[in-house]
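J.: If you scroll down you'll find the structure; I have some questions about it.
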Amino acid sequence: MKINKFMVYSVIIFSVSFSGCILDSLNEMPLDIPIEYPFSISGDAASITDDGSFCLTQNELYNDYMEKIKDIKLLEITFRPTAVSPTTLNGDVRLEIKKGTAHGELLFSHDIESFTPASYLPDNPPYVLPATENDFKKLNDYLSSEGLCFYVAVAAVSSVGQKSISGKVDFIFRTKTDLN
Amino acid sequence: MKKLLFILFFAAGPLFAQLEDRLNYLTVSEASKYVKPLATTMGVAFNSASYTDADIPTLFGFSLSVRVMGIIIPDEDRSFIPDPAIGYIKTEPTASFYGSEGSYYAGPNGYQVYPPGIDERFIPMGFPQVTASFLGTEVLLRYLPEVTVSDQKISMFGIGLSHSISRYIPLLPVDIAAQVLYNKFTVENILDVKNIAFNIHASRSFGLFTAYGGLQYENTDFDLTYTYRERNPLNPNIYIEKDFSLSAEGDNHFRFTLGGALSLAFLQINADVNVGAQTALTSGLTFSF
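Heads up: the sequence lines are chains A and B, in that order.
Numbering of the first sequence is given in my numbering, commencing with residue 97 and proceeding in unit increments.
Numbering of the second sequence is given in my numbering, commencing with residue 9 and proceeding in unit increments.
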């Protein structure tokens, strides 16, 4: 019994001295959350558009850690066509992201010029938007102010004629979570 | 008291509860790479500090000691090369359990994300042990009472057997002994770590000071159960959970130990360095008679 107590107390004394920094490291976890927004645009006009919205709370991973997230920011966006017709389609693509609804403040926009969607069909890597942290500043400020919902519009401009593109806009968000 | 002990026990409780948070999104093969440095650390720790002297008493001896150690994590153990699916742009390694931020890779099925590590380069550990010797043979026992928190039981048990070789070889200038060690560390339903080690060690006393060193072969098996969360292909915002088990082997196989001990009546203080897959600096305070 005395040896048992000695062992317990020796572990406590040692651990009090050393385990604090390890526990801090374990409790802080930067967690990356991928979210994809599907789009499908078709028509025979020169400019065709699809729009809609998504909220972070639609994502199960975000919801699981929602109470523990101390900070969140957008790291990167990719444009990932999954089907295109005709495969020779070439033109400009514009991506717009606004606060919440179509009438919300513009947070981010990007034009992909002379884009050939067929070049990015599976199993090819998607098109990574060459945006910097500064380009995401408005969007990240919105996230910091607890903005959770986004309006997304994808527009394609090319020559007149029947065409369609469907695919995903992928977002990767990085959070700082406190697991305590 | 039990919760306090649980938290203090090498940080084992939080470590293994939150290890699962980090493993949730890794397949078995990638989770194995992620935890391998942790398996090595646990092997290095449990296979350390098992001797300070090869002079095993011919009649009877007993000791009670606390061993503490710091394990240095090399840079190569802080990251690993992941293996995402075909079509993914892989340009950099990602964090292992000891690394910093995890990486993310864009590909034909959306982003594939990898977990962060705990961003540590030095891991402290410690445990108590007792020895009893008789006729040139010594039995070592390491034990911590089972602690239960949140239905999880944590326990540790270790046993070692040493035998003096030099007692059969007269006029040797040093004492030589051989030792076999077995240690087991368990977090019920999550983790099972088994370590085995064989060593030959030697020592020589110079008054109150004893110099010692040894060569050791060791092996660590690390069996872990975790919940894998896979994105639902029909709705990527929803995850499907599956229970997976993995087995990882530590990189610790050989080590060289060099140390010294100072004996003051019934007390002994020792320190040594263990050079192997991960370098361990150990120290101990021993009460013996």
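Glycine included, every Cβ here is placed at the ideal spot set by N, Cα and C.
What is the DSSP secondary structure of Lys98 of chain B, reduced to helix, strand or coil?
T.: Three-state DSSP puts Lys98 of chain B in coil, outside helix and strand.
J.: Would DSSP call Tyr161 of chain A helix, strand or coil?
T.: Helix.
J.: At what residue ranges does the region 134-200 of chain A contain a whole run of the alpha helix (DSSP H), taking only runs of 4 or more?
T.: Listed in chain order, they are 156-161.
J.: Is the CB-CB distance between Val281 of chain B and Leu272 of chain B below 9 Å?
T.: Result no, Cβ atoms of Val281 of chain B and Leu272 of chain B do not sit closer than 9 Å.
J.: Does Val283 of chain B have its Cβ less than 9 Å from a Cβ in chain A?
T.: Not an interface residue.
J.: Along the chain, where does the alpha helix (DSSP H) containing Ser37 of chain B start, and where does it finish?
T.: It spans Val36 to Phe54 - the alpha helix (DSSP H) in which Ser37 of chain B sits, taken as one unbroken run.
J.: Going along the region 163-196 of chain A in order, which residues come within less than 9 Å of chain B, judged by CB to CB distance?
T.: Residues Leu171, Glu172, Thr174, Arg176 and Thr178.
J.: Going along the region 217-232 of chain A in order, which residues come within less than 7 Å of chain B, judged by CB to CB distance?
T.: Against chain B - using a Cβ distance shorter than 7 Å - the residues of the region 217-232 of chain A are Pro218, Asp219, Asn220, Pro221, Pro222 and Val224.
J.: In chain order, which beta strand (DSSP E) runs of at least 3 residues are fully inside the region 200-285 of chain B?
T.: For the region 200-285 of chain B, whole beta strand (DSSP E) runs of length 3 or above, ordered along the chain, are 217-240, 243-257, 262-272 and 275-283.
J.: Does the Cβ of Tyr176 of chain B have 16 or more other Cβ atoms within 10 Å, making it buried, or fewer, making it exposed?
T.: The residue is exposed, with fewer than 16 neighbouring Cβ atoms inside 10 Å.
J.: Would you kindly work out how many angstroms separate the C-alpha atoms of Pro136 of chain B and Asp219 of chain A, rounded to a whole number?
T.: Taking the straight line from one Cα to the other gives about 56 Å.
J.: Mark Arg263 of chain B as exposed unless 16 or more other C-beta atoms lie within 10 angstroms of its C-beta, in which case mark it buried.
T.: Looking at its Cβ environment, which holds 16 or more other Cβ atoms inside 10 Å, Arg263 of chain B is buried.
J.: For Gln120 of chain B and chain A, any beta-carbon pair shorter than 9 Å?
T.: Yes, Gln120 of chain B lies at the interface with chain A (some Cβ there is under 9 Å from its Cβ).
J.: On the criterion of 16 or more Cβ atoms from any shown chain inside 10 Å, does Asp83 of chain B qualify as buried, or is it exposed?
T.: Exposed: under 16 other Cβ atoms inside 10 Å.
J.: Does Gln276 of chain B pass the burial test, meaning 16 or more other C-beta atoms within 10 Å, or should it be called exposed?
T.: The residue in question, Gln276 of chain B, is buried, as its Cβ has 16 or more Cβ neighbours within 10 Å.
J.: In three-state DSSP terms, what is Glu298 of chain B?
T.: Beyond the ends of chain B as shown, which are 9 and 297, falls residue 298 of chain B; an answer cannot be given.
J.: Inspect the beta-carbon positions of Asp91 of chain B and Tyr106 of chain B and report whether they are closer than 9 Å.
T.: Not a contact, by the Cβ cut-off of 9 Å.
J.: Can you list, in chain order, the residues of its chain with a C-beta nearer than 6 Å to that of Thr287 of chain B? Leave out the 5 residues immediately preceding and following it.
T.: Closer than 6 Å at Cβ, skipping near neighbours: Ile80.
J.: According to a CB-to-CB cut-off of less than 7 Å, which residues of the region 219-250 of chain B neighbour chain A?
T.: Flagged, chain order: Pro244, Asn245, Ile246 and Tyr247.
J.: Do Glu38 of chain B and Tyr122 of chain B have their C-beta atoms within less than 9 Å of each other?
T.: For Glu38 of chain B and Tyr122 of chain B, yes; Cβs fall inside 9 Å.
J.: Comparing C-alpha positions only, which one of A:Leu225, A:Gly263 and A:Thr145 sits nearest to Leu170 of chain A?
T.: Comparing Cα-Cα distances from Leu170 of chain A to each of A:Leu225, A:Gly263 and A:Thr145, the minimum goes to A:Leu225.
J.: Pop quiz: Thr102 of chain B and Gly95 of chain B are said to be a contact at Cβ under 8 Å. What is the actual Cβ separation, rounded to whole angstroms?
T.: In fact, because the Cβ distance is near 18 Å, the residues do not count as touching under 8 Å.
J.: Quick check on Asp117 of chain B - is its C-beta less than 9 Å from some C-beta in chain A?
T.: Note that residue 117 of chain B is Asn in the sequence shown here, rather than Asp. So, interface residue.
J.: Taking Cβ to Cβ, would you say Ala205 of chain B is nearer than 9 Å to Tyr225 of chain B?
T.: Yes, these two residues count as a Cβ contact at 9 Å.
J.: Pick from A:His206, A:Phe150, A:Ile268 and A:Ala142: whose alpha carbon is nearest that of Thr197 of chain A?
T.: Ranking A:His206, A:Phe150, A:Ile268 and A:Ala142 by Cα distance to Thr197 of chain A puts A:Phe150 first.
J.: Let me know the secondary structure DSSP gives Ser298 of chain B once reduced to three states.
T.: Because chain B is modelled from 9 through 297, residue 298 of chain B falls outside the range shown and cannot be assessed.
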